[in-house]
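Chemist: There's a structure below that I have some questions on.
Numbering (my numbering), first residue to last: 3 to 809.
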């Protein structure tokens with residue numbers, strides 16, 4: 003016999019209980035007004051009688067006051083004893099308590115009740131929705147469904163707290179909750195934020211797979227928990243096969259496997275260009291703008307021309323990826339005509355003036371603070387700002403006048419900066435170029451557009467870059483080889499190609515221009531003693547540095563022991579490693595030793611770029627950090643409207659924490675989406691063999707990365723052979739204890755694909771290559787083994803990518 007749907011059962015039971023309570027109350031009332039019917043022997047009750055057990059029930063207010071004042075929970079028995087309610091009047095009390103429970107005034111059952119805390123005290127809420135005006139709506143986190151539907155709470159002061167506490171959908175908060183007249187959005191309470199609680203790492207999401215006989219299963223979306231959950235017929239709600247759903251687990255029957263109940267249908271990731279839905283909802287990334295934000299974006303307009311310096315005569319150009327939709331930076335370089343600076347040049351970097359359009363405290367600003375940054379998926383972009391701002395008013399389109407902040411920097415003949423300034427102006431981009439188009443022009447094959455730009459635009463830019471590159475090499479930033487996979491989809495949202503774009507001088511030119519502009523922004527703010535949101539990157543921790551040194555010694559490579567570590571020392575090791583059979587291995591281990599870059603109001607420098615001060619200034623369309631830096635510059639340089647206000651300064655440490663967290667969230671979501679796309683792409687190739695390299699070594703097995711697609715997968719240690727494999731952490735290896743043969747990080751191997759879970763982006767492989775001899779003294783290695791548990795997959799990928807990721 004199939005169990006009816008849970009919600010249907012609940013509603014039927016609730017209706018029956020309500021009818022029963024009404025009947026009991028009516029009968030109790032009849033007995034109270036007709037004593038003979040209740041078996042009373044006397045006449046009407048004397049109003050002066052002090053015993054309430056034979057008279058009226060206490061008021062609701064008195065009952066609530068008693069419950070609230072009682073330590074812990076009380077039951078119907080304690081209430082009846084306190085108010086002297088006896089006999090059949092207990093039935094009327096039971097009905098009254100039921101009404102108070104249905105109305106949300108008390109919680110619990112007749113044996114253990116408490117006053118509803120959300121009415122007068124602090125409550126823990128989860129943010130579940132936003133109103134059309136952009137206000138947040140929460141629901142109690144701890145709620146028994148038997149108490150009725152969860153009440154909605156309009157969260158006040160969430161906007162003011164957004165910059166500091168980053169309150170957004172899915173967040174948990176502690177709030178003081180009070181009654182409110184019901185709003186159009188169904189909110190019965192209002193809550194003021196007290197604090198934001200740590201966010202949960204994952205939400206209960208999965209892919210629903212239907213069975214023909216009804217019901218189905220929930221497939222996992224998290225590769226760390228590859229288990230499915232049964233869904234009984236009737237518990238699937240409106241979900242259809244392949245839908246991404248939010249679900250709850252029913253654990254009431256301890257002797258049976260928990261089953262899943264679908265509570266929300268989000269969409270079908272198999273539909274055209276929808277695979278990123280999984281990551282968006284798993285990480286709680288806001289992907290819809292409130293109506294108030296859209297409306298505000300439609301009202302803003304360009305600034306008056308007389309409030310900006312006219313720079314439209316300078317031949318700025320934009321150089322971007324060929325598929326870029328927004329263009330927030332333009333560059334122009336020319337020789338310096340100052341006789342005191344022979345061979346010098348002037349570099350102009352123009353950045354879209356987002357601060358004019360997104361003003362502090364506006365709906366646009368509050369939304370941008372919540373989002374933190376844009377998120378880029380192969381199948382879509384989740385922007386920080388509405389399209390009207392990012393793709394229109396703040397996009398430096400070819401031939402159109404746009405408002406910008408321009409960093410003007412003067413360099414000498416050696417590429418060293420001599421001076422810098424900032425101005426708010428108007429420019430007109432003379433050309434929109436792709437990296438490949440600009441590079442081809444410099445290489446001698448200019449397009450028709452580029453042919454007219456060579457002498458006065460492109461050639462001076464490349465001449466300036468040559469000198470900047472020489473100065474960069476003297477500075478010695480960390481020079482890691484970090485190829486990025488690019489996934490191109492076809493019209494149906496399937497993987498059409500996976501490739502690593504070739505690195506061109508055109509890429510490096512723009513990146514170096516952006517780095518110089520970012521440094522200039524930080525230095526100008528420091529000179530004015532203005533608030534700065536720094537982009538900081540600490541040097542490797544002592545523990546990671548010790549592990550790196552121990553590993554390099556196994557390859558006869560060495561880092562200096564004395565003094566502070568400099569990127570140049572790591573670059574020397576990377577250069578020496580090119581002569582070894584395993585240069586990729588050294589590159590990978592050095593990368594994993596790096597700290598995580600972040601935003602902070604306290605400057606510790608940027609280790610990877612080897613810069614004493616650094617801020618993000620060049621992408622205010624897609625990063626909130628850059629917008630804050632723009633506002634601080636506007637205020638410090640007295641450039642007009644859109645300045646950073648004093649109230650926001652105190653919140654900057656919280657803003658830094660928020661946007662750093664949002665950046666890590668975006669990186670994880672982007673990476674997981676690519677993994678899912680590639681896993682789906684390879685799902686029909688189970689049984690095929692691939693060339694790969696070992697990308698991670700743990701006690702439980704090996705992580706491998708395929709050469710042609712960059713896809714990641716796992717090989718359990720139990721499948722490697724008949725002998726026991728010891729994890730040698732220092733050497734990043736699994737070593738056979740009998741043969742002294744094994745597998746090491748960076749080894750080139752052949753693997754067979756055994757299993758694919760596309761919804762989680764997970765793949766399992768079988769090792770086809772034989773273990774190789776390793777020059778490791780097993781006994782010595784085990785004795786010196788550090789007692790630090792390795793992270794699964796060795797995926798401690800700290801630091802910046804040391805290149806300005808612009809799109």
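C-beta atoms are modelled at their ideal positions from N, C-alpha and C, and glycine is treated no differently.
No experiment lies behind these values; they were computed from the predicted model shown.
By the 10 Å Cβ neighbour count, where 16 or more other Cβ atoms means buried, how is residue 309 classified, buried or exposed?
Modeler: Locating residue 309 in the chain shown gives position 307, where the first residue counts as 1. Answer is exposed; the Cβ neighbour count stays below 16.
Chemist: Among 608, 529, 773, which one has its Cα closest to the Cα of residue 541?
Modeler: Start at 1 with the first residue of the chain shown, and residue 541 comes out as number 539. Comparing Cα positions, the closest option is 608.
Chemist: Should residue 619 and residue 353 be called a contact, given that it needs their Cβ atoms to be closer than 8 Å?
Modeler: The sequence position of residue 619 within the chain shown is 617, counting from 1. The sequence position of residue 353 within the chain shown is 351, counting from 1. Yes.
Chemist: Would you give the residue range spanned by the alpha helix (DSSP H) that residue 655 belongs to?
Modeler: Start at 1 with the first residue of the chain shown, and residue 655 comes out as number 653. Per DSSP, residue 655 belongs to the alpha helix (DSSP H) from 654-684.
Chemist: Could you pull the start and end residues of the beta strand (DSSP E) that residue 589 belongs to?
Modeler: Position 587 of the chain shown, counted from the first residue, corresponds to residue 589. Unbroken run through residue 589 is the alpha helix (DSSP H), 585-594; no beta strand (DSSP E).
Chemist: For a test of the three-state rule: what should DSSP assign to residue 84, helix, strand or coil?
Modeler: As a working note, residue 84 is residue 82 in the chain shown. Helix at residue 84.
Chemist: Mind checking who residue 220 pairs with in its DSSP beta bridge?
Modeler: Start at 1 with the first residue of the chain shown, and residue 220 comes out as number 218. Answer by DSSP bridge pairing, in chain order: 210, 231.
Chemist: Grab the span of the beta strand (DSSP E) containing residue 765 for me, first residue to last.
Modeler: The residue labelled residue 765 in the question sits at position 763 within the chain shown. Here the beta strand (DSSP E) through residue 765 covers 764-769.
Chemist: Which same chain residues, not among the five before or five after residue 592, have their C-beta less than 6 Å away from its C-beta?
Modeler: Here the question's residue 592 lines up with position 590 in the chain shown. Only 572 meet the Cβ criterion.
Chemist: Quick one: grab the DSSP three-state call for residue 772.
Modeler: In the chain shown, counting from the first residue as 1, residue 772 sits at position 770. It is coil, neither helix nor strand.
Chemist: Under 8 Å, do residue 523 and residue 409 count as touching if we go by C-beta distance?
Modeler: Within the chain shown, the letter at position 521 stands for residue 523. Within the chain shown, the letter at position 407 stands for residue 409. A contact, by the Cβ cut-off of 8 Å.
Chemist: Looking at the secondary structure, which residues open and close the beta strand (DSSP E) in which residue 691 lies?
Modeler: Locating residue 691 in the chain shown gives position 689, where the first residue counts as 1. Where residue 691 is concerned, the enclosing beta strand (DSSP E) stretches over 691-700.
Chemist: Only counting the same chain, and skipping five residues up and downstream in sequence, which positions put a Cβ closer than 7 Å to that of residue 317?
Modeler: Walking along the chain shown from the start, residue 317 turns up at place 315. Closer than 7 Å at Cβ, skipping near neighbours: 334, 432, 458, 459.
Chemist: Mind checking who residue 321 pairs with in its DSSP beta bridge?
Modeler: By one-based count along the chain shown, residue 321 stands at place 319. Answer is 435, bridged to residue 321.
Chemist: With a threshold of 7 Å on Cβ separation, who are the neighbours of residue 230 within its own chain once the five nearest residues in sequence on each side are excluded?
Modeler: For the purposes of this step, residue 230 is taken as the residue at position 228 of the chain shown. Counting only Cβ-Cβ distances below 7 Å, and skipping sequence neighbours, we find 219, 220, 221, 222.
Chemist: Report the residue ranges of all alpha helix (DSSP H) runs contained in full by the region 284-367; include only those spanning at least 4 residues, in chain order.
Modeler: Listed in chain order, the complete alpha helix (DSSP H) runs (minimum 4 residues) inside the region 284-367 are 293-301, 356-359.
Chemist: I'd like the list of long-range same chain contacts for residue 338, defined as Cβ closer than 7 Å, with 5 residues on each side in sequence excluded.
Modeler: Along the chain shown, one-based indexing puts residue 338 at 336. Correct list, in chain order: 346, 347, 348, 412.
Chemist: With DSSP collapsed to three states, give me the class of residue 496.
Modeler: As a position in the chain shown, residue 496 is number 494, starting the count at 1. Three-state DSSP puts residue 496 in coil, outside helix and strand.
Chemist: Buried or exposed for residue 416, please, with buried defined as at least 16 other CB atoms from any protein chain shown within 10 angstroms of its CB.
Modeler: As a first step, residue 416 is located in the chain shown; it is residue number 414 there, counting from the start. So residue 416 counts as exposed.
Chemist: Can you round the beta-carbon distance between residue 767 and residue 754 to whole angstroms, since I take them to be within the 8 Å contact cut?
Modeler: The residue given as residue 767 occupies position 765 in the chain shown. The residue given as residue 754 occupies position 752 in the chain shown. Right, the Cβ-Cβ distance comes to about 6 Å (below 8 Å), so this counts as a contact.
Chemist: Mapping DSSP to helix, strand and coil, what is residue 446?
Modeler: The count along the chain shown starts at 1 and reaches residue 446 at position 444. Three-state DSSP puts residue 446 in coil, outside helix and strand.
Chemist: Could you check what DSSP says for residue 810 in three-state terms: helix, strand or coil?
Modeler: Any answer about residue 810 is impossible in this case: the structure gives the chain only from 3 up to 809.
Chemist: Using the C-alpha atoms, what's the distance from residue 68 back to residue 290?
Modeler: Working through the chain shown from its first residue, we reach residue 290 at position 288. Working through the chain shown from its first residue, we reach residue 68 at position 66. The straight-line gap from Cα to Cα measures roughly 46 Å.
Chemist: Straight-line CA distance for residue 372 to residue 208?
Modeler: Against the chain shown, residue 372 aligns to sequence position 370. Against the chain shown, residue 208 aligns to sequence position 206. Their Cα atoms are separated by approximately 25 Å.
Chemist: CB-CB under 6 Å to residue 550, same chain, minus the five flanking residues each way: which ones, in chain order?
Modeler: Indexing the chain shown from 1 puts residue 550 at position 548. If we look at residue 550 and ignore the five residues flanking it on each side, its Cβ neighbours are 595.
Chemist: Between which two residues does the beta strand (DSSP E) containing residue 847 stretch?
Modeler: Examination of residue 847 is not possible in this model, given that the chain is present from 3 through 809 alone.
Chemist: Taking only the alpha-carbon atoms, compute the straight-line gap between residue 474 and residue 194 and give it to the nearest angstrom.
Modeler: On the chain shown, residue 474 is found 472 positions in, with the first residue counted as 1. On the chain shown, residue 194 is found 192 positions in, with the first residue counted as 1. Rounded to whole angstroms, residue 474 to residue 194 spans 51 Å at the Cα level.
Chemist: Could you check what DSSP says for residue 597 in three-state terms: helix, strand or coil?
Modeler: Taking the chain shown and counting its residues from 1, one reaches residue 597 at position 595. Residue state, collapsed to three classes: coil.
Chemist: Going by the DSSP bridge assignment, what does residue 193 pair with across the sheet?
Modeler: One-based indexing of the chain shown puts residue 193 at position 191. Looking at the DSSP assignment, residue 193 forms a beta bridge with 157, 179.
Chemist: How many Å lie between residue 391 and residue 762 at the Cα?
Modeler: Residue 391 sits at position 389 when you count from the first residue of the chain shown. Residue 762 sits at position 760 when you count from the first residue of the chain shown. Going by the C-alpha atoms only, they are around 34 Å apart.
Chemist: Mapping DSSP to helix, strand and coil, what is residue 641?
Modeler: The residue given as residue 641 occupies position 639 in the chain shown. Residue 641 falls in the coil class under three-state DSSP.
Chemist: Could you tell me which residues DSSP puts in a beta bridge with residue 490?
Modeler: Mapped onto the chain shown, residue 490 falls at position 488. Its beta-bridge partners are 499.
Chemist: Label residue 61 either buried or exposed according to how many other C-beta atoms from any shown protein chain fall within 10 Å of its C-beta, with 16 as the threshold for buried.
Modeler: Stepping through the chain shown from its first residue, residue 61 is reached at position 59. Counting Cβ neighbours within 10 Å, residue 61 comes out exposed, since fewer than 16 surround it.
Chemist: Helix or strand or just coil, what does DSSP make of residue 545?
Modeler: For this step, residue 545 is matched to residue 543 along the chain shown. Helix.
Chemist: Return the CA-CA distance between residue 765 and residue 508, expressed in angstroms with no decimal places.
Modeler: Along the chain shown, read from residue 1 onward, the residue named residue 765 stands at position 763. Along the chain shown, read from residue 1 onward, the residue named residue 508 stands at position 506. Going by the C-alpha atoms only, they are around 36 Å apart.
Chemist: Measure the C-alpha to C-alpha separation of residue 601 and residue 654 and round it to an integer number of angstroms.
Modeler: Residue 601 sits at position 599 when you count from the first residue of the chain shown. Residue 654 sits at position 652 when you count from the first residue of the chain shown. Taking the straight line joining both Cα atoms gives about 10 Å.
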